[in-house]
Amino acid sequence: MTEVAVPRTASDATAGAGPTSEGAGSRQLRRVRDYLGVVPFLSYVTLFMLVPTAIVVIGAFQSDDGAPTLQNIVTVLSGAAFRDAFVRSITLSAQTAIIGATLGGLLAWALMDSEPNGWLRRIVLSACAVLSQFGGVMLAFAFLATFAFNGLATTFMREVLGLDVLGGSWIYGMNGLMVVYTYFQIPLMVIIFLPALGGLRSEWWEASSSLGGSGWRFWRHVGGPILAPSFLGALLLLFANAFSAYATAAALVSQGSPIVPLRIRGALTSEVVLGQANVGKALALGMIVVVAIVMLLYALVQRRASRWVK
Amino acid sequence: MRGGRRTRGRTIARWTSFVLIGGYLLLPLIAMLDFSTRAPGGRRTLDPWLAIGQDEDLIESIIISLQIAALTVVGVLLLLVPTMTWAYLRVPRMKRPIEFLCLLPLAIPAIVLVVGIAPIFAAIRRNATGSPLALVLIDIVLVLPFVHRALDAGLRSIDVATLAEAARSLGAGWPRIIAQIIVPNIRPALLSAAVISVALVLGEFTISSLLNYNTVQVVISLLGKRDAFVAVAVSLGALIFAFLLILGVASVTPSGRRAAEENATGEPS
Chain S
37 MTEVAVPRTA SDATAGAGPT SEGAGSRQLR RVRDYLGVVP FLSYVTLFML
87 VPTAIVVIGA FQSDDGAPTL QNIVTVLSGA AFRDAFVRSI TLSAQTAIIG
137 ATLGGLLAWA LMDSEPNGWL RRIVLSACAV LSQFGGVMLA FAFLATFAFN
187 GLATTFMREV LGLDVLGGSW IYGMNGLMVV YTYFQIPLMV IIFLPALGGL
237 RSEWWEASSS LGGSGWRFWR HVGGPILAPS FLGALLLLFA NAFSAYATAA
287 ALVSQGSPIV PLRIRGALTS EVVLGQANVG KALALGMIVV VAIVMLLYAL
337 VQRRASRWVK
Chain G
261 MRGGRRTRGR TIARWTSFVL IGGYLLLPLI AMLDFSTRAP GGRRTLDPWL
311 AIGQDEDLIE SIIISLQIAA LTVVGVLLLL VPTMTWAYLR VPRMKRPIEF
361 LCLLPLAIPA IVLVVGIAPI FAAIRRNATG SPLALVLIDI VLVLPFVHRA
411 LDAGLRSIDV ATLAEAARSL GAGWPRIIAQ IIVPNIRPAL LSAAVISVAL
461 VLGEFTISSL LNYNTVQVVI SLLGKRDAFV AVAVSLGALI FAFLLILGVA
511 SVTPSGRRAA EENATGEPS
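Right under this line is the structure:
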């Protein structure tokens with residue numbers, strides 16, 4: 037594309053700043069003016085995204101009266117309740133990412149042959165967008181309607197099959213979170229992974245089968261290795277997605293604060309223990325660190341994935 | 261690739277996974293429909309659905325959320341369309357930093373953002389009247405990744421440079437170029453950016469609930485403790501509404517890039 041070159045000439049030809057002789061000074065002035073154009077945007081994201089993040093990071097290292105301290109970090113790292121919350125959050129995110137990626141990957145594969153602009157794919161992708169991104173509270177209710185004591189699945193098992201194995205209270209705890217999180221990971225995986233599957237060329241399949249390769253051998257030696265970085269990348273995004281989620285857990289969990297986002301809610305809303313006003317910020321910093329590591333890995337994996345899937 | 265025994269086995273395997281996994285995704289939605297129409301004695305009723313229209317808190321919160329959504333769309337487009345157009349034309353070097361900043365909200369969990377934004381909002385509340393419309397300021401940040409993606413695709417699909425050059429040579433100023441040349445040409449991108457923003461704002465819970473604003477999700481969540489039947493009904497209604505909104509946009513905007521990819525890879529379709 038020539039979009040880099042063309043605007044330069046366009047601006048040189050038409051900008052009113054330099055009339056006849058293009059002095060170095062006026063060119064520099066124009067360049068400064070060009071950069072000024074993005075200042076409103078930069079100020080906005082600074083004020084409403086970077087400053088809040090900085091408040092979290094700096095506050096994590098401050099005592100109640102603003103003096104620098106490591107006490108908040110120590111409290112989070114040494115407190116069994118906080119540590120357990122992190123372990124639970126990470127386990128929950130990893131497990132639901134793996135199951136969600138597997139099932140979502142299968143569903144994406146099932147959609148591969150459907151027409152890209154056909155109604156089937158449009159409906160499925162729209163539904164996936166809604167379920168993965170906008171669910172939150174509503175998905176919690178959906179699962180209460182399914183698995184709580186009077187839920188559809190529970191009553192079906194009890195009255196039709198005569199089994200009372202499910203009960204109804206498990207949905208309000210960690211197991212419930214497992215099920216609901218897995219549920220919203222599946223559609224997200226479809227959205228992320230379908231484009232990668234689209235990058236698999238039919239020529240590769242034809243080449244493999246014309247050389248006598250079976251379906252299994254194609255996936256083992258061609259499809260699998262090509263898709264592996266994309267799959268790993270999707271896995272990391274799913275992990276970050278579950279790790280950051282708050283709404284579903286807030287609406288579903290009835291007792292205690294088993295995972296980190298709920299702990300942060302506790303720190304924000306409850307009466308603050310003396311000397312612990314900034315523990316919430318230390319917890320939030322912990323979340324930033326985990327997500328940052330995941331995103332860094334994602335960037336590395338992505339570089340590899342882009343080699344094949346353009 | 262097509263025809264033959266192996267392909268048929270594969271087709272069956274594909275339909276099986278589609279039906280099983282798709283069915284699992286549908287199950288909770290069916291359960292919601294069942295739950296929200298249940299009446300004593302195994303009969304069916306529409307009462308919870310009719311009650312949605314009578315719950316004043318709920319109606320009020322829906323109106324507030326729609327206002328927030330509308331202002332967020334206007335705000336984010338006013339912020340990003342000129343910035344991105346400008347970056348495309350005059351400072352291409354800023355395209356990557358802008359993209360990075362726009363994608364950053366995906367990496368900062370909303371629950372973290374709210375911890376840092378609470379002090380800023382305490383200040384805003386002292387000065388403003390505590391209107392929930394202040395949430396627009398944060399929601400604009402939350403929708404940045406999605407709006408950026410949509411606008412970037414839109415701007416890529418047209419020849420911004422030539423259009424702007426032609427307009428300038430005819431004497432148009434920058435505001436006019438953006439409003440009358442660029443905007444009409446990327447209308448599908450604007451539409452999908454707007455729709456995804458609306459859906460995102462209507463589903464936003466984390467920030468509004470922790471800053472104590474009664475948006476629709478907050479009210480639904482409270483309603484769940486009072487009247488589970490109505491809460492389930494309105495949840496299903498909201499999911500269907502968001503689905504139809506997104507499906508509507510998906511049907512009017514041809515996904516040009518995907519079609520181009522399809523041609524490039526020679527995939528039969």
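In order, the protein sequence lines correspond to chains S and G.
For the first sequence, the working numbering assigns the number 346 to the last residue and increments by one with no breaks.
For the second sequence, the working numbering assigns the number 529 to the last residue and increments by one with no breaks.
Every residue gets a Cβ at the ideal spot worked out from N, C-alpha and C, and that includes glycine.
- When G/G376, G/A347, G/L364 and G/W434 are compared, the shortest CA-CA separation from G/L411 is found for G/A347.
- Between G/I446 and chain S, the shortest Cβ-Cβ separation is not below 8 Å.
- For S/V110, no chain G residue has a Cβ inside 9 Å of its Cβ, as the nearest lies near 19 Å away.
- Your pair S/I295 and S/L128 checks out as a contact, with CB atoms roughly 6 Å apart and the cut at 8 Å.
- Taking 8 Å as the cut-off, the beta carbon of S/G140 is found no closer than this to the beta carbon of S/V68.
- Going by DSSP, S/M148 is part of no alpha helix (DSSP H) at all; its letter is neither H nor E.
- When DSSP states are grouped into helix, strand and coil, G/P342 belongs to the helix group.
- Burial check for G/P369: the Cβ neighbour count within 10 Å reaches 16 or more, so the residue is buried.
- Taking a Cβ-Cβ cut-off of 7 Å, the neighbours of S/D149 in chain G comprise R274, given in sequence order.
- Among the residues of chain G, none has a CB under 7 Å from the CB of S/Y217; the nearest is roughly 13 Å distant.
- Note that the C-beta distance between S/A178 and G/P308 is not below 8 Å.
- Residue contact with chain G for S/R301: present (Cβ-Cβ distance below 8 Å to some residue of chain G).
- A straight line joining the alpha-carbon of G/S468 with that of G/V479 spans about 10 Å.
- Pairing S/T105 with G/L507, the inter-Cα distance amounts to about 52 Å.
- Between the segment 154-164 of chain S and the segment 239-249 of chain S, the count of Cβ pairs shorter than 8 Å is below three; the stretches do not touch.
- Residue nearest to S/P76 within the set G/V341, G/T276 and G/P448 is G/V341 (criterion: CA-CA distance).
- Below the 7 Å Cβ cutoff, chain G contributes no neighbours of S/R119, its closest Cβ being approximately 18 Å away.
- Neighbours of S/W206 in chain G, taken as residues at a C-beta separation under 8 Å, are lacking, since the least C-beta distance is about 15 Å.
- Residue-level contact check: G/R350 touches chain S, since one or more beta carbons of chain S fall below 8 Å from its beta carbon.
- Between the beta-carbon of G/A329 and that of G/V509 there is about 15 Å, and that puts the pair past the 8 Å contact cut.
- In the structure shown, the three-state DSSP call for G/Q314 is coil.
- Residues A502, L505 and I506 of the same chain have their beta carbon placed closer than 8 Å to that of G/A459, with the five preceding and five following residues left out of the count.
- Residue nearest to G/A449 within the set G/R416, G/L286, G/I358 and G/F489 is G/R416 (criterion: CA-CA distance).
- A Cβ-Cβ distance of about 4 Å is found for the pair S/A283 and G/F465, placing them in contact under the 8 Å criterion.
- For S/S150 against S/R157, the beta-carbon gap comes to about 5 Å, under 8 Å, which counts as contact.
- Taking all protein chains in view, the Cβ of G/E425 is crowded by 16 or more other Cβ atoms within 10 Å, so the residue is classified as buried.
- Residue contact check for G/S469 against chain S: a CB pair falls below 8 Å.
- Of all C-beta pairs linking the segment 399-408 of chain G to the segment 77-89 of chain S, three or more are shorter than 8 Å, placing the two stretches in contact.
- Secondary structure of S/Q98 (DSSP, three-state): strand.
- Among the residues of the segment 322-352 of chain G, those with a Cβ less than 8 Å away from any Cβ of chain S are L339, L340, P342, T343, W346, A347, Y348, L349, R350, V351 and P352, in the order of the chain.
- When 7 Å is used as the limit between beta carbons, G/V492 is near these residues of chain S: F177 and A181, in chain order.
- The beta carbon of S/T111 is closer than 8 Å to those of F118, Q312, V315 and A318 in its chain, skipping five residues each way along the sequence.
- At a cut-off of 8 Å, the C-beta of G/S391 has no neighbouring C-beta in chain S.
- In terms of Cβ geometry, G/R274 and S/W145 form a close pair [threshold 8 Å].
- Interface flag for S/S280 against chain G is set, since a Cβ pair is found closer than 8 Å.
- S/G235 is the residue among S/L65, S/A130, S/G235 and S/G260 whose C-alpha sits nearest the C-alpha of S/P152.
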